[in-house]
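See below for the structure under consideration.
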Amino acid sequence: MNNNDENILELAYKTVCEFEQSNYEEIFKDENNQVVYQLNKSMFLELENLNENEVDEKMFEPLKYPSYRKLFNAKYSDIFRRNIRAIKPELLKNEIGESNLLEVIKSDEKLHQRFLANSKELDLDNDGVVDRIDIDDNRNAVQNVADLNIVGNDTSKEVSRGNKKRDELEL
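Position 110 of the sequence shown, counting from 1, maps to 119 under our numbering, and the rest follow consecutively.
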């Protein structure tokens, strides 16, 4: 990987870390160019509704990482995996940028697999049920699982209409 690719990947990890960062977390680079992660004590206590004597002081000591990628792997990778499953892929792309999302995902196989699984199963008609498109479908056949309630046991929408007309004529 050349230096430019490393910079692009590092910038992508920085963007994802900032996306996952809580209000009481602070992330910055120090004078030695190390990524520093620390918790803002007063904000943490206020947001978590805790007293000072209920928490360990070591929680608020700054932690240093050589790169945003190391910080991501230490603090945010599990949260991001959960968010990939919970947040629609299009919203994630809009929020952190498609190039940033793809850079981070392609560098981690577990993230890549989870993202692919999540993006395959889309709710195309917004009925709350994931629609799985059948590769063998054509224009006349059932296009997705949500159409099954329309056609019943028939093989296509046209067959369904024909059967309904036949049933009406028999009555």
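Beta carbons are placed, not taken as given, at the ideal position from N, Cα and C, and that holds for glycine.
Check	Outcome
Under 8 Å Cβ to Cβ from residue 117, same chain only, skipping five residues before and after it: list those, please.	86
Where residue 33 and residue 79 are concerned, what is the direct C-alpha to C-alpha distance, given to the nearest angstrom?	20 Å
Identify, in the order they occur along the chain, each residue of the same chain with its Cβ nearer than 6 Å to the Cβ of residue 18, setting aside the five sequence neighbours on each side.	112
Whole angstroms is fine: what's the gap from residue 98's alpha carbon to residue 27's?	18 Å
With a CB to CB cut of under 7 Å and the five nearest residues on each side skipped, what residues in its chain are close to residue 23?	77
By alpha-carbon positions, which one of 121, 125, 48 and 94 ends up nearest to residue 84?	48
Specify the secondary structure class of residue 35 as computed by DSSP and reduced to three states.	strand
Do residue 45 and residue 71 have their C-beta atoms within less than 8 Å of each other?	yes
Can residue 120 and residue 96 be called in contact, C-beta distance under 8 Å?	no
Report the rounded CA-to-CA distance for residue 107 versus residue 20, giving the unit in angstroms.	13 Å
For residue 35, which residues from the same chain have a beta carbon less than 7 Å from its beta carbon, with the 5 sequence-adjacent residues on both sides left out?	47 and 49
Would you kindly work out how many angstroms separate the C-alpha atoms of residue 14 and residue 51, rounded to a whole number?	38 Å
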